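Working notes for the structure below.
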Ligand code: HEM
Ligand SMILES: [Cu+2]
Ligand SMILES: [Cu+2]
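See the structure below:
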């Protein structure tokens with residue numbers, strides 16, 4: 072398929088199923104995320120209908136709980152970030168003058184994993200939804216209190232989703248850092264690209280924590296471990312793990328919106344953004360500090376008062392960079408020529424709502440005030456002002472802003488303005504009354520207090536105004552897509568590079584790669600054939616480079632198989648022992664998907680897919696590191712957090728356990744020491760393999776890799792005997808929090824060893840056929856990086872479990 | 178004020194509210210003014226000299242001075258609020274010698290109260306003008322024990338005992354509410370706090386028999402509409 076350089080027309084189904092082009096993937100993200108917006112918005116309207124009057128019985132408790140849980144999960148995870156990333160996909164490569172993302176197939180894979188994770192969430196919604204809120208607090212989330220399969224499927228959906236996010240982060244980091252137009256310095260990147268760069272870094276470090284948490288939840292629910300059910304870990308462990316992810320997550324959904332506003336302001340004020348440097352610096356500082364404020368979600372859990380004060384301090388401190396950002400946006404208006412077009416209205420309106428969200432957040436950052444406001448409608452109002460007001464509203468502005476680029480046509484301005492007015496009024500009518508109702512507990516299905524009735528009623532009216540107004544958006548975009556006035560290449564007279572090509576851009580984005588000169592001027596590519604809204608077709612490669620491939624069937628196949636494998640195994644855990652035959656079916660689904668997945672991965676690896684590396688591109692400061700290597704290193708960073716959280720959970724549980732077994736009683740030092748020795752030796756043989764590979768010594772590589780393989784197998788063998796002994800002594804998974812942490816932490820490590828073994832087998836096979844030698848030594852080297860990481864993790868685990 | 182805790186909360190909240198509303202009005206007002214003042218009125222508004230154009234990445238503009246001024250201003254405001262917060266939280270966290278200790282246990286879905294004489298109840302009864310210390314705990318999942326009118330709450334966790342304290346100022350009935358989602362019956366995990374005159378309370382308390390349960394035992398499972 073990849074030999075075929077002609078990308079099928081947009082009317083062809085196979086284009087949309089197999090495309091790897093960043094613009095197509097962007098459109099897929101856009102359509103899917105909007106679908107989730109409207110779905111989840113409908114749930115929100117049900118919630119508001121129920122709350123319109125006191126003592127209402129429109130929804131039952133169960134239905135209400137399921138509705139707000141699914142609403143929250145979808146809005147935060149399946150709508151906001153993917154919506155932002157539809158623009159990141161479409162616009163970021165254009166803004167930096169690239170022809171695609173660094174790993175186009177991985178990008179398509181991210182999308183399909185996202186879609187299938189969403190499908191799994193919807194399946195769970197129909198078989199018995201999760202109903203513990205999007206924060207799924209422990210131990211309500213354990214099998215004992217929530218014995219529904221829905222939560223297992225939701226956890227499965229989250230795993231798929233997080234994998235999608237992680238590989239997409241790696242992709243964007245590599246692209247932005249290594250594939251900028253020649254001469255484009257980091258500080259010259261547009262604001263939206265900057266915000267995406269910072270966002271994906273946050274994603275890379277925050278989501279592994281969530282993955283670790285969800286994994287612990289999964290094993291608790293299926294294998295009977297005790298992370299969240301025993302008092303030593305339990306509620307507080309989940310709180311820490313969840314919010315360590317959760318606070319950065321709210322910035323993750325917000326930052327792309329700030330970036331988009333930062334690009335819209337210059338276009339509509341006709342002046343450069345004020346204090347651009349400081350905005351970027353502010354975003355970076357806020358991103359870093361966002362990992363140090365999670366405790367403000369735990370102010371009333373009763374932890375140490377000094378710690379609470381420190382978290383108050385960090386939380387209040389993190390409002391300062393936002394202060395700088397907002398002030399810079401406002402300064403940008405001074406002596407400008409402000410054109411209040413629809414995108415501008417949404418952008419400026421969003422800043423206003425964000426200001427209110429920020430001010431009310433300072434209240435919640437105060438540990439003393441939080442002793443009343445925690446868990447009330449004040450919180451609901453606050454986070455909607457930030458996430459919907461600051462986030463979604465700005466991104467809707469971005470949709471109007473980039474719509475002409477994507478479709479080549481203009482939307483209808485008057486309808487757009489009406490949409491803004493209704494949204495803005497509806498929004499405030501919906502959420503402002505919730506501040507006044509700050510006594511009312513959230514997540515309640517109804518209330519008897521007459522004092523809260525009026526404000527709730529106003530909010531419900533606001534909800535319908537706000538919700539129905541969004542239909543105008545759909546109508547406007549749908550009709551304009553076909554019949555709007557042709558937009559031309561640069562309708563807003565903007566300066567960023569996405570406007571330097573036709574609307575919509577050709578498959579390869581630019582006729583020639585744009586160049587940024589040292590005086591800040593840009594040598595623009597010429598605009599040929601398809602100016603003014605025509606749909607480009609045909610293919611032309613930049614001179615001197617091989618043709619870029621745009622199609623691959625593997626992303627969708629792999630994602631579907633991952634979906635079925637996970638679906639099978641998750642469902643299997645919930646078959647009552649009686650229905651044995653159903654269990655067999657799920658088992659078959661699991662194994663079939665697994666085996667086919669193995670073939671698909673092999674096919675993916677062997678497919679001839681060309682994504683040329685253009686040496687002229689700007690990649691400071693990573694210019695001399697290959698794309699693939701950069702990707703692997705970036706990915707390893709997320710693995711560090713993943714294991715860090717497992718180790719952190721272990722330490723947390725250990726600190727809460729009164730009696731820890733003495734050294735060398737349960738965990739025999741002898742076992743651990745031998746395995747440490749084995750792994751260290753295997754690191755050495757892995758290095759040897761790289762050296763031989765560079766020297767093109769086939770025998771040397773094969774021998775060192777085989778030795779590594781042997782050592783890895785030996786390690787697992789030892790591990791298995793040790794586990795067997797422990798099991799015999801009654802030290803089972805569910806024996807105690809000690810055994811739970813031991814098996815799961817070392818088990819996660821063992822799984823990584825197993826992954827290494829599979830990779831080794833494949834690589835050795837290749838080496839014997841004469842591959843991966845000399846110039847092609849990269850693969851062996853990437854394996855080496857991974858293998859060292861696995862060894863280093865063990866260097867931490869060994870003393871933690873065996874020696875201390 | 179109905180209790181010392183609501184007094185602390187409302188005092189601090191008003192500080193925040195005053196400054197928050199002030200800042201919002203100034204900033205939003207300024208923004209609206211600028212939007213109107215510098216809106217594009219065709220030929221009347223001159224084209225800015227530094228208007229961005231395709232083909233040139235604009236020079237950075239913006240003075241560190243503006244950033245510094247706005248940062249200083251907001252730091253001052255935040256420092257003020259921080260001071261108030263630290264004062265208030267110390268008061269909330271450090272109970273004086275208590276006269277009455279009540280143990281409260283949250284469960285799916287209700288509250289149990291236990292008095293020093295082992296008397297148990299599903300409604301909380303305390304005297305006014307006395308320091309009441311509440312030890313909070315959960316039998317099962319995560320709950321949060323809050324007294325709505327007293328504006329104070331703390332989480333009820335399994336495996337840990339949390340403490341709040343208060344002095345009620347007015348006799349009467351108040352609402353005890355669960356503020357952390359805890360499952361199907363969460364909405365209805367409510368009960369009453371009854372504040373009595375001290376002598377009335379003494380009278381009531383001395384007549385109790387240890388182990389006795391006065392109010393109806395809580396129905397497990399909570400009500401649903
Ligand atoms: C981009 C849009 C939105 C986002 C990101 C968002 C996010 C959230 C989140 C995270 C929750 C918490 C769910 C939970 O407690 O587990 C929530 C709850 C809720 N949202 Fe939204 N929401 C959005 C739009 C809306 C709209 C348009 C409405 C009204 C029509 C709405 C009404 C509600 C209500 C009533 C709750 C339940 C509050 C509670 O019982 O605690 N939301 N939303
Ligand atoms: Cu937070
Ligand atoms: Cu509750």
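Protein chains in written order, with my numbering: chain H, 72 to 875; chain U, 178 to 402. Ideal Cβ positions, reconstructed from N, Cα and C, are used throughout, including at glycine. Everything numeric in this text was worked out from a predicted model, so none of it was measured.
With 8 angstroms set as the bound, which would you pick, yes or no: does the beta-carbon of residue i sit closer than that to a beta-carbon of chain H?
i: residue 263/U; result: yes
i: residue 178/U; result: no
i: residue 329/U; result: yes
i: residue 191/U; result: no
i: residue 181/U; result: no
i: residue 353/U; result: no
i: residue 398/U; result: Residue confidence for residue 398/U is low, a pLDDT of 43 falling below 50, so the modelled location carries little weight; the figure read from the coordinates is stated next. Chain H, which has no Cβ nearer than 8 angstroms to the Cβ of residue 398/U, makes this no.
Please report the distance separating the alpha-carbon of residue i from that of residue j.
i: residue 129/H; j: residue 203/H; result: 20 angstroms
i: residue 729/H; j: residue 767/H; result: 57 angstroms
i: residue 162/H; j: residue 694/H; result: 23 angstroms
i: residue 196/U; j: residue 571/H; result: 46 angstroms
i: residue 119/H; j: residue 473/H; result: 32 angstroms
i: residue 801/H; j: residue 824/H; result: 26 angstroms
i: residue 221/U; j: residue 341/H; result: 15 angstroms
i: residue 388/H; j: residue 778/H; result: 53 angstroms
i: residue 207/H; j: residue 710/H; result: 24 angstroms
i: residue 582/H; j: residue 512/H; result: 58 angstroms
i: residue 257/U; j: residue 437/H; result: 12 angstroms
i: residue 150/H; j: residue 107/H; result: 6 angstroms
i: residue 386/H; j: residue 364/H; result: 6 angstroms
i: residue 307/U; j: residue 370/U; result: 15 angstroms
i: residue 879/H; j: residue 524/H; result: The structure shown has nothing for residue 879/H, since chain H only spans 72 to 875.
i: residue 386/U; j: residue 296/U; result: 7 angstroms
i: residue 915/H; j: residue 838/H; result: Missing from the structure shown is residue 915/H; chain H here goes from 72 to 875 and no further.
Applying the criterion that 16 or more other CB atoms from any shown protein chain within 10 Å of the CB defines a buried residue, is residue i buried or exposed?
i: residue 363/U; result: buried
i: residue 288/U; result: buried
i: residue 724/H; result: buried
i: residue 188/H; result: buried
i: residue 316/U; result: exposed
i: residue 746/H; result: buried
i: residue 223/U; result: exposed
i: residue 218/U; result: exposed
For chain U, find out if any of its Cβ atoms is closer than 8 angstroms to the Cβ of residue i; answer yes or no.
i: residue 602/H; result: In this predicted model, residue 602/H has a pLDDT of only 42, less than 50, meaning its place in the structure is not dependable; the value taken from the coordinates is given anyway. No, because no Cβ of chain U sits closer than 8 angstroms to the Cβ of residue 602/H.
i: residue 510/H; result: yes
i: residue 580/H; result: no
i: residue 322/H; result: no
i: residue 437/H; result: yes
With respect to 7 angstroms, is the separation between the Cβ of residue i and the closest non-hydrogen atom of ligand 3 below this value?
i: residue 322/U; result: no
i: residue 357/U; result: yes
i: residue 455/H; result: no
i: residue 363/U; result: yes
i: residue 366/U; result: yes
Is the Cβ-Cβ distance between residue i and residue j less than 8 angstroms?
i: residue 351/U; j: residue 372/U; result: yes
i: residue 282/H; j: residue 230/H; result: yes
i: residue 873/H; j: residue 827/H; result: no
i: residue 421/H; j: residue 328/H; result: yes
i: residue 167/H; j: residue 262/H; result: no
i: residue 424/H; j: residue 460/H; result: yes
i: residue 633/H; j: residue 184/H; result: yes
Could you check whether the Cβ of residue i sits closer than 7 angstroms to any heavy atom belonging to ligand 2?
i: residue 364/H; result: yes
i: residue 271/H; result: no
i: residue 318/H; result: yes
Let me see if you follow: with CB-CB separation under 8 angstroms, is residue i close to chain A or not?
i: residue 383/U; result: Among the chains of the structure shown, chain A does not appear; the protein chains present are H and U.
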